[in-house]
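Trainee: Taking UniProt numbering, the leading residue of the sequence shown gets 1, the next gets one more, and so forth.
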Amino acid sequence: MTLAGLPLSILALLLGAALVPLLARSGRGVAAWSSAAVLGIAALAVAPLAPAALAGTVTVLRWPWLPEWGLDLAFRLDGLGLLFAILILGIGQLVILYAAYYMPPEDGLGRFFGILLAFAGGMLGVVLSENLLLMVIFWEITSLASFLLIAYRHDASEARIAARMALAVTGGGGLALLAGVLLLGRIAGSLELSAVLAAGEAVRAHPLYPVALALVLLGAFTKSAQFPFHFWLPNAMAAPTPVSAYLHSATMVKAGVFLLARLYPVLSGTELWFALVSGTGAVTLAYGAYVALLKHDLKGLLAYSTISHLGLITLLIGLESPLSTVAAVFHIINHAIFKASLFMAAGIIDHECGTRDMRRINGMFRYMPQTAVLGMVAAAAMAGVPLLNGFLSKEMFFAETLQEPPVAGYAYALPAFATFAGVLSVAYSLRFIHDVFFHGEPVGLPRTPHEPPLWMRVPVGILSLLCLVVGLLPQSSVGALLRTASAAALGGPPPPYELAPWHGFNLPLAMSAVALAGGALWYRFRGVLFDLHERFAPLVGGPAAFERVYNAAAAAARLLMAAMDTGRLRRYVALLLLAALGLGLHAVAGAGLAPPHGAVIPADPVAIGALVALAVGAFGCAGLHRRRPLAVVFASVVGLIVSLTFLRFSAPDLALTQLSVEVVTIVLLLLALRFLPEEARATDAPRRRRLGDAAIAGAGGLGAAALAYALLTRPFETVSGFFVEQSVPGGGGTNVVNVILVDFRGFDTLGEIWVLALAALGAHALLEGLRLRPHALRAASEADRHPVMLAMLMRPLLPLALTVAFHILLRGHNLPGGGFIAGLITGIVLILQYLAVGLDITSARLRVDHLRLFALGLALAAGTGMASMAFGAPFLTSAHGYVPIPLVGRTHLASALAFDLGVYLVVVATVLLVLSELGRLSQRELRPAACGGQG
Numbered sequence: 001m002t003l004a005g006l007p008l009s010i011l012a013l014l015l016g017a018a019l020v021p022l023l024a025r026s027g028r029g030v031a032a033w034s035s036a037a038v039l040g041i042a043a044l045a046v047a048p049l050a051p052a053a054l055a056g057t058v059t060v061l062r063w064p065w066l067p068e069w070g071l072d073l074a075f076r077l078d079g080l081g082l083l084f085a086i087l088i089l090g091i092g093q094l095v096i097l098y099a100a101y102y103m104p105p106e107d108g109l110g111r112f113f114g115i116l117l118a119f120a121g122g123m124l125g126v127v128l129s130e131n132l133l134l135m136v137i138f139w140e141i142t143s144l145a146s147f148l149l150i151a152y153r154h155d156a157s158e159a160r161i162a163a164r165m166a167l168a169v170t171g172g173g174g175l176a177l178l179a180g181v182l183l184l185g186r187i188a189g190s191l192e193l194s195a196v197l198a199a200g201e202a203v204r205a206h207p208l209y210p211v212a213l214a215l216v217l218l219g220a221f222t223k224s225a226q227f228p229f230h231f232w233l234p235n236a237m238a239a240p241t242p243v244s245a246y247l248h249s250a251t252m253v254k255a256g257v258f259l260l261a262r263l264y265p266v267l268s269g270t271e272l273w274f275a276l277v278s279g280t281g282a283v284t285l286a287y288g289a290y291v292a293l294l295k296h297d298l299k300g301l302l303a304y305s306t307i308s309h310l311g312l313i314t315l316l317i318g319l320e321s322p323l324s325t326v327a328a329v330f331h332i333i334n335h336a337i338f339k340a341s342l343f344m345a346a347g348i349i350d351h352e353c354g355t356r357d358m359r360r361i362n363g364m365f366r367y368m369p370q371t372a373v374l375g376m377v378a379a380a381a382m383a384g385v386p387l388l389n390g391f392l393s394k395e396m397f398f399a400e401t402l403q404e405p406p407v408a409g410y411a412y413a414l415p416a417f418a419t420f421a422g423v424l425s426v427a428y429s430l431r432f433i434h435d436v437f438f439h440g441e442p443v444g445l446p447r448t449p450h451e452p453p454l455w456m457r458v459p460v461g462i463l464s465l466l467c468l469v470v471g472l473l474p475q476s477s478v479g480a481l482l483r484t485a486s487a488a489a490l491g492g493p494p495p496p497y498e499l500a501p502w503h504g505f506n507l508p509l510a511m512s513a514v515a516l517a518g519g520a521l522w523y524r525f526r527g528v529l530f531d532l533h534e535r536f537a538p539l540v541g542g543p544a545a546f547e548r549v550y551n552a553a554a555a556a557a558r559l560l561m562a563a564m565d566t567g568r569l570r571r572y573v574a575l576l577l578l579a580a581l582g583l584g585l586h587a588v589a590g591a592g593l594a595p596p597h598g599a600v601i602p603a604d605p606v607a608i609g610a611l612v613a614l615a616v617g618a619f620g621c622a623g624l625h626r627r628r629p630l631a632v633v634f635a636s637v638v639g640l641i642v643s644l645t646f647l648r649f650s651a652p653d654l655a656l657t658q659l660s661v662e663v664v665t666i667v668l669l670l671l672a673l674r675f676l677p678e679e680a681r682a683t684d685a686p687r688r689r690r691l692g693d694a695a696i697a698g699a700g701g702l703g704a705a706a707l708a709y710a711l712l713t714r715p716f717e718t719v720s721g722f723f724v725e726q727s728v729p730g731g732g733g734t735n736v737v738n739v740i741l742v743d744f745r746g747f748d749t750l751g752e753i754w755v756l757a758l759a760a761l762g763a764h765a766l767l768e769g770l771r772l773r774p775h776a777l778r779a780a781s782e783a784d785r786h787p788v789m790l791a792m793l794m795r796p797l798l799p800l801a802l803t804v805a806f807h808i809l810l811r812g813h814n815l816p817g818g819g820f821i822a823g824l825i826t827g828i829v830l831i832l833q834y835l836a837v838g839l840d841i842t843s844a845r846l847r848v849d850h851l852r853l854f855a856l857g858l859a860l861a862a863g864t865g866m867a868s869m870a871f872g873a874p875f876l877t878s879a880h881g882y883v884p885i886p887l888v889g890r891t892h893l894a895s896a897l898a899f900d901l902g903v904y905l906v907v908v909a910t911v912l913l914v915l916s917e918l919g920r921l922s923q924r925e926l927r928p929a930a931c932g933g934q935g
């Protein structure tokens, strides 16, 4: 396995997300096995690089993508990335096994496992990205996938609201993170993580450091549910329990603390870092622990305990001691293990009891003793009971608070706070154990609980066993992984520390004992706390506040749209013209109207004639707008003059393109006019309104003229010289315009054909459901529908014209032509064929499907760009050279020809789609029986 295993692991998960729903049609078992296989393939792809990462080696794989934008496909595997990859893929396998037995039998699981794999792929991309922009892209994938997972039961309003809340909070944080990453890239001079990590001193000394830090922390805090952005996480409990187990342990919420650990060498070491990170973590730690004890919903208790433990990790990362970061990484491991086990145990209880209300699910030890033992082990680990993994990282936390400088002048302020947080942690863990597994008999359960199937308990058992193994043998089990992950987070070797279940009698052990005893007392007198909370707690919580803000924002947006989007074309045109006036005035305001470098070249009679023709066309189109065919003819005059203007100024490519566009659009517009109803003669507008419209139109024209004048009479530099010089050596073509479109600016062209395809498909979707009323169809006689002469002429013209279009396509790289022009010429031929014989015969003769043409054209264009990456070149880099062709000889060919062919297919597919829609309208027009009798 080569370095390509890093992107292969992510690609396997993303492809699996698309394939598993198709395989799931064969049954739930196939869906589960195929999902597990996909995760296994991803793990096998990363496994060969794991020994190097454990040894401290940083493996980086980079493919150029958009180097000018600082975006490359760059992946990185170090100790920290390896740790999170193990958590994502390992716990992901257990979640799949658990979900196969937990989810309802009627659920085929295809959609569920597909989204889950996409979620895992996005999270794996976050932890393995070397390029920060690429990391942000995967970051947003996790937000979208978590939205779909939380709203998996989309028929429940609670799930929809929770998903919307999670997407709003984490999506907003993602936008802040994007801005912060761009600032970091500007300060460090690169968006590559290696360069950013090496520029830590420069970043911290830069004036923009506070802004960049705040933006990055917003992204991390919203993702990891830090106060006050925590409220989305408890509401995400509307998701199925397997989602909660995965989201709370190894993914999603861990992305924020991963980001803090990843950028620790760059952003840490300042008072601002300490205040923001440690302060936020401390508040989140205490608040989450306090609220967890008050929750009656079993998953709600676990959700707030997750918030509390995320606050603990954040607090540790924010402290100044390097050993505190080691403790944070260690607690990331421990929390993932016991929290996944706890959520799965809670899901089993909910699955068997039919409720999560801890006031009803009492005495479960009697009904499901095996599950109870596993759940108690995980809960004890969460509480920090000795000989379990949670005890070790919590003891490291206590030790680090003792090493920190006094807070606000009080030496024991931070240790006392840490002990108090430990008390709360023990209290809600004890409530989980006592109220669920003991505490009398169950009350009014919908069904009698019993032990679940064996394989449903296996994931819980594995994770509970890991709590014991790590607690008893920490150095042997996770010692090497912890050391290399901590070194990656610190940006250097970690300080000396010892992983052992016993360090003798010391102050951290005393703090643990106080936390255990205090937690038991706090739980014992919890009734007083409940009464005080219900009496004095605020009535408006996070979800209610979010809904109020969301509804207020939506109402403001509706008011703004109602004021601007009136549905009146006149207002839109007026705003457009006034904007043109403003731009023109701004252009000439600085230097006036006098040209700084001599007079404008005087116009010759040809130019004056063209100007007169343009004026006649424009005024004719405006004056005869109610007589639609004449208005279209005058509009075509404007297009023809523009084409001739391009030709006069030695731009045959542009002239040919403009002329082809004019023919296609004018003919299609005339065809569309046949299906519009006869417009009723409108009364003349008031004189005052017409004068106002004329003033606005004149002002817009003056503004556009001033803008053009300012542009043409001022010195400017263009990049045309570069394109002319590099057209042959860089692009392999003498037609500079075509080389620019398919090579130098190929990415723009790729985006344009995607927009063209999406616009065409959008029009298709809108027209698909169009139902015309009988009186909306204009009468048309069958006699002139398909003229005989045109039908006879099209028999020899169709193959001849298609041959010409193919010739234009092939020669476009060196002579006027190309894929766009060839597509338009083919479109003209198809339109003439339609006019001659109708759509049905045209489709039968061509035997093409416009939807497949769209797919083929886009795939060909994108595939041509990706093919260059296989040879180590940036995306859409073209290659050219002489290729021997039998019976022809050595011929100069460029890979851009394949890209141009993709453009050609998309343009042809667009014309075919328009013709098909016109054909559907024609077929409805020919059904008088269906239309009649309804009026």
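Cβ coordinates follow ideal geometry from the N, Cα and C atoms, glycine included.
Here the structure is a predicted model, which is why all the values come from computation and not from measurement.
From tyrosine 550 to alanine 557, what does the alpha carbon distance come to, in whole angstroms?
Mentor: Start at 1 with the first residue of the sequence shown, and residue 550 comes out as number 550. Start at 1 with the first residue of the sequence shown, and residue 557 comes out as number 557. Approximately 11 Å, taken between the alpha carbons.
Trainee: To the nearest angstrom, how far is it from the Cα of isoleucine 10 to the Cα of glycine 121?
Mentor: Your numbering for residue 10 matches position 10 in the sequence shown. Your numbering for residue 121 matches position 121 in the sequence shown. The alpha-carbon atoms of isoleucine 10 and glycine 121 are separated by roughly 5 Å.
Trainee: Should the stretch 724-743 be called in touch with the stretch 871-888, which here means at least 3 C-beta pairs below 8 Å?
Mentor: These segments touch.
Trainee: Taking all protein chains shown into account, do 16 or more other C-beta atoms lie within 10 angstroms of the C-beta of arginine 571, making it buried, or fewer, making it exposed?
Mentor: Taking the sequence shown and counting its residues from 1, the one referred to as residue 571 is at position 571. Flag for arginine 571 reads exposed.
Trainee: Going by the CB atoms, is the gap between phenylalanine 649 and methionine 165 shorter than 8 Å?
Mentor: Looking up residue 165 in the sequence shown gives position 165. Looking up residue 649 in the sequence shown gives position 649. No; because the gap between Cβ atoms is not below 8 Å, this pair is not in contact.
Trainee: Residues in the same chain with beta-carbon distance under 7 Å from alanine 50, minus the five sequence neighbours each way, listed in chain order, please.
Mentor: As a first step, residue 50 is located in the sequence shown; it is residue number 50 there, counting from the start. Same-chain partners within the cutoff: Leu82.
Trainee: Can you give, in chain order, each stretch of the beta strand (DSSP E) that sits fully within the stretch 790-825 and has at least 3 residues?
Mentor: Whole beta strand (DSSP E) segments, 3+ residues: zero.
Trainee: Count the other CB atoms within 10 Å of the CB of glutamine 658; is the residue buried (16 or more) or exposed (fewer)?
Mentor: Position 658 of the sequence shown, counted from the start, is the residue given in the question as residue 658. So glutamine 658 ends up on the buried side.
Trainee: What residue does the alpha helix (DSSP H) around glycine 881 start on, and which one ends it?
Mentor: Within the sequence shown, the letter at position 881 stands for residue 881. Counting along the chain, glycine 881 falls outside any alpha helix (DSSP H), though it belongs to the beta strand (DSSP E) covering 880-885.
Trainee: Measure the beta-carbon distance from glycine 818 to valine 908 and round it to whole angstroms, keeping in mind my assumption that it falls under 8 Å.
Mentor: Reading the sequence shown from its first residue, position 818 is the one you call residue 818. Reading the sequence shown from its first residue, position 908 is the one you call residue 908. Rounded, the Cβ-Cβ distance is 14 Å, inconsistent with contact.
Trainee: With a threshold of 6 Å on Cβ separation, who are the neighbours of glycine 375 within its own chain once the five nearest residues in sequence on each side are excluded?
Mentor: Taking the first residue of the sequence shown as position 1, residue 375 is located at position 375. Same-chain partners within the cutoff: Ala345.
Trainee: Hey, how far is the Cα of glutamate 320 from the Cα of cysteine 353?
Mentor: Taking the sequence shown and counting its residues from 1, one reaches residue 320 at position 320. Taking the sequence shown and counting its residues from 1, one reaches residue 353 at position 353. About 47 Å.
Trainee: Which residues in the same chain have their Cβ closer than 7 Å to the Cβ of tyrosine 497, if we skip the five residues on either side of it in sequence?
Mentor: As a working mapping, residue 497 is identified with position 497 in the sequence shown. Closer than 7 Å at the Cβ level, and outside the excluded window around tyrosine 497, lie Leu323 and Val326.
Trainee: On the DSSP bridge list, what partners appear for glutamate 192?
Mentor: Taking the sequence shown and counting its residues from 1, one reaches residue 192 at position 192. DSSP, once it has assigned bridges, lists Asn131 as partnering glutamate 192.
Trainee: Figure out for me which residue from Val423, Leu267 and Ala255 has the closest Cα to the Cα of valine 136.
Mentor: Residue 136 sits at position 136 when you count from the first residue of the sequence shown. Nearest C-alpha to valine 136: Ala255.
Trainee: With a threshold of 7 Å on Cβ separation, who are the neighbours of serine 143 within its own chain once the five nearest residues in sequence on each side are excluded?
Mentor: Along the sequence shown, read from residue 1 onward, the residue named residue 143 stands at position 143. Leu167, Thr170, Gly171 and Gly174, listed in sequence order.
Trainee: For threonine 59, which three-state DSSP category applies?
Mentor: For the purposes of this step, residue 59 is identified with residue 59 of the sequence shown, where counting begins at 1. Strand at threonine 59.
Trainee: Determine, using beta-carbon pairs with one atom in the stretch 464-483 and one in the stretch 241-248, whether at least three such pairs fall under 8 Å.
Mentor: In short, these stretches do not touch, since the Cβ pair count stays below three.
Trainee: Which residues bound the beta strand (DSSP E) around leucine 208?
Mentor: For this step, residue 208 is matched to residue 208 along the sequence shown. No beta strand (DSSP E) contains leucine 208, which DSSP labels as neither H nor E.
Trainee: So what's aspartate 72 in DSSP terms, helix, strand or just coil?
Mentor: For the purposes of this step, residue 72 is taken as the residue at position 72 of the sequence shown. It is a strand residue.
Trainee: Using alpha carbons as the reference points, say which of Ser643, Phe646 and Gly620 lies closest to phenylalanine 634.
Mentor: Here the question's residue 634 lines up with position 634 in the sequence shown. It is Gly620 whose Cα lies nearest to the Cα of phenylalanine 634.
Trainee: Mark phenylalanine 722 as exposed unless 16 or more other C-beta atoms lie within 10 angstroms of its C-beta, in which case mark it buried.
Mentor: As a first step, residue 722 must be located in the sequence shown, where it is residue number 722. So phenylalanine 722 ends up on the exposed side.
Trainee: Please determine, among Leu569, Leu832 and Leu218, the residue with the shortest C-alpha to C-alpha distance to threonine 314.
Mentor: Indexing the sequence shown from 1 puts residue 314 at position 314. Ranking Leu569, Leu832 and Leu218 by Cα distance to threonine 314 puts Leu218 first.
Trainee: Express the C-alpha separation of leucine 463 and leucine 901 in angstroms, rounding to a whole number.
Mentor: In the sequence shown, counting from the first residue as 1, residue 901 sits at position 901. In the sequence shown, counting from the first residue as 1, residue 463 sits at position 463. Rounded to the nearest angstrom, the two C-alpha atoms are 55 Å apart.
Trainee: Going by DSSP, what residues sit across from alanine 297 in a beta bridge?
Mentor: In the sequence shown, residue 297 corresponds to position 297, counting from 1. Checking the sequence, you will find aspartate at residue 297 rather than alanine. Looking at the DSSP assignment, aspartate 297 forms a beta bridge with Asp357.
Trainee: CA-CA distance, alanine 303 and alanine 212?
Mentor: Locating residue 303 in the sequence shown gives position 303, counting from the first residue. Locating residue 212 in the sequence shown gives position 212, counting from the first residue. C-alpha separation (whole angstroms): 30 Å.
Trainee: For arginine 890, which residues does DSSP report across the bridge?
Mentor: Within the sequence shown, the letter at position 890 stands for residue 890. Looking at the DSSP assignment, arginine 890 forms a beta bridge with Pro884.
Trainee: Below 8 Å between beta carbons: does that hold for alanine 24 and glycine 108?
Mentor: Within the sequence shown, numbered from 1, the residue matching residue 24 stands at position 24. Within the sequence shown, numbered from 1, the residue matching residue 108 stands at position 108. A contact, by the Cβ cut-off of 8 Å.
Trainee: Tell me, to the nearest whole angstrom, how far the beta carbon of leucine 80 is from that of alanine 488; I am working on the premise that it is less than 8 Å.
Mentor: What you label residue 80 is simply residue 80 of the sequence shown in a count that begins at 1. What you label residue 488 is simply residue 488 of the sequence shown in a count that begins at 1. At roughly 4 Å, the Cβ-Cβ gap stays under 8 Å, so leucine 80 and alanine 488 are in contact.
Trainee: For the alpha helix (DSSP H) containing threonine 864, list its first residue and its last residue.
Mentor: Taking the sequence shown and counting its residues from 1, the one referred to as residue 864 is at position 864. Per DSSP, threonine 864 belongs to the alpha helix (DSSP H) from 850-869.
Trainee: Taking the alpha-carbon of aspartate 72 as reference, which of Ser512, Leu132, Ile828 and Leu8 has the nearest alpha-carbon?
Mentor: Along the sequence shown, one-based indexing puts residue 72 at 72. Among Ser512, Leu132, Ile828 and Leu8, the Cα nearest to that of aspartate 72 belongs to Leu132.
Trainee: Hey, how far is the Cα of proline 886 from the Cα of leucine 893?
Mentor: As a first step, residue 886 must be located in the sequence shown, where it is residue number 886. As a first step, residue 893 must be located in the sequence shown, where it is residue number 893. Cα to Cα, the separation comes out at about 14 Å.
Trainee: Can you tell me whether proline 496 is helix, strand or coil according to DSSP?
Mentor: Start at 1 with the first residue of the sequence shown, and residue 496 comes out as number 496. Residue state, collapsed to three classes: coil.
Trainee: Excluding the five sequence neighbours on either side, which residues of its own chain have a C-beta within less than 7 Å of the C-beta of threonine 910, listed in chain order?
Mentor: Translated into the one-based positions of the sequence shown, residue 910 becomes position 910. Counting only Cβ-Cβ distances below 7 Å, and skipping sequence neighbours, we find Leu756 and Ala760.
Trainee: In whole angstroms, give me the CA-to-CA distance for alanine 328 and phenylalanine 437.
Mentor: As a position in the sequence shown, residue 328 is number 328, starting the count at 1. As a position in the sequence shown, residue 437 is number 437, starting the count at 1. Alanine 328 and phenylalanine 437: Cα-Cα distance of roughly 31 Å.
Trainee: Using the rule of at least 16 other Cβ atoms within 10 Å of the residue's Cβ for burial, across every protein chain shown, is alanine 783 buried or exposed?
Mentor: In the sequence shown, residue 783 corresponds to position 783, counting from 1. Unreliable placement is indicated for alanine 783, whose pLDDT of 41 sits below 50; the coordinate value is still reported in the next sentence. Alanine 783 is exposed by the Cβ-count criterion.
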